[in-house]
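Enquirer: Can you keep this structure in mind? I'll have questions shortly.
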Amino acid sequence: MTMRLDYLSIFPGYFDVLDISLLGKAVDNGLVEVHAHDLRDWTHDRHRTVDDTPCGGGAGMVMKPDPWGEAFDGIIGIEPDPSVHVIFPTPSGIPFTQSAAQELSTVERVVFCCGRYEGIDHRVIDYARTMWTVHELSLGDYVLNGGEVAALAITEAVVRLIPGFMGNPESLAEESFSPGQERLLEYPLFTRPVSWRGMDVPEVLMSGHHGRIAEWRREESLLLTRDRRPDLTD
Ligand SMILES: OB(O)c1ccc2cc[nH]c2c1
């Protein structure tokens, strides 16, 4: 299966980075197909206007619905299709989680709608919900200047889970938040040299005793999770 990824933004250049590294390899291997689009290509005035003042007053500007609607028509189509997943990164979205990434890694088409200014006219989201499967997603309790960086983060979290993307899928099994590890943070990692600047790799990891190593790692994960993410232990 090839996953098609579309990005709608007034800064499509943000997505040039997807040609690099593992994501670039996924494109070369035909696992994903990436298309970045400039929202301004669907404007018709000399200034290629995409924003206007907010109805009801307030600071800043709001993204006009017209360019989004025409871009949707051109990029996705005018017929409803729930198999198309449309993602609006937004600070007011539901928290994006590893399980959401897992679910999205199985879909064939994802369209990212990257807002700027104060956000997108809400009718755009309402319209999209009548046509496709919509996700309004937040990366966390902080605000970026637009949806592009969030779209890149979500992309990486999703694409790395596509079967065939990671050379060694076993490396996914023990990561923080991976299924089975769901409620535990990953234990500390070490590699050679065994001694470095007066600090040694924990002896148990050099013992070759797999049972003790597994026990040490679980205990470290539990301690780390209790300390940093008590919310995960509820
Ligand atoms: O923090 B975010 O994920 C985010 C997403 C979209 C917009 C649009 C304007 N500011 C934004 C912030």
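Its first residue numbered 827, the sequence shown is counted upward by one per residue in our numbering.
Just so you know, even glycine gets a beta-carbon here, dropped at the ideal spot from N, CA and C.
Being a predicted model, the structure only gives us computed values, none of them experimental.
Short of 8 Å in beta carbon distance, which residues of its chain neighbour V858, apart from the five on each side in sequence? Order them along the chain.
Expert: Within the same chain, V858 has close Cβ partners T828, M829, R830, L831, L849, A852, V985, I988.
Enquirer: Tell me which same chain residues have a C-beta within less than 8 Å of the C-beta of F1016, skipping the five on either side of it?
Expert: Contacts found: V1027, P1028, L1031.
Enquirer: Can you look up S931 in the DSSP assignment and give me helix, strand or coil?
Expert: It is coil, neither helix nor strand.
Enquirer: What does R830 pair with, by DSSP beta-bridge criteria?
Expert: In the DSSP output, where bridge partners are listed per residue, R830 has E859, R935.
Enquirer: Leaving out five residues before and five after G966 in sequence, what residues of the same chain have Cβ atoms less than 8 Å from its Cβ?
Expert: Taken in chain order, the residues that qualify are P921.
Enquirer: Between the C-alpha atoms of I1039 and M1025, what's the straight-line distance to the nearest angstrom?
Expert: Their backbone Cα atoms lie some 19 Å apart in a straight line.
Enquirer: Nearer than 8 Å: is that true of the beta carbon of S964 relative to any heavy atom of ligand 3?
Expert: This structure simply doesn't include ligand 3; it includes ligand 1 instead.
Enquirer: So for T959, helix, strand or coil by DSSP?
Expert: The answer is strand: DSSP assigns T959 an E or B state.
Enquirer: What residue range is occupied by the uninterrupted beta strand (DSSP E) comprising S918?
Expert: First-last of the beta strand (DSSP E) with S918: 910-921.
Enquirer: Classify W894 as buried or exposed, calling it buried when 16 or more other Cβ atoms lie within 10 Å of its own Cβ.
Expert: Buried: at least 16 other Cβ atoms inside 10 Å.
Enquirer: From this set, L930, K890, G884, G856, which residue's C-alpha is nearest I1077's C-alpha?
Expert: What the structure shows of the chain is the stretch from 827 to 1060, and residue 1077 is not part of that stretch, so it cannot be assessed.
Enquirer: In this structure, does DSSP put S964 in helix, strand or coil?
Expert: Three-state result, S964: strand.
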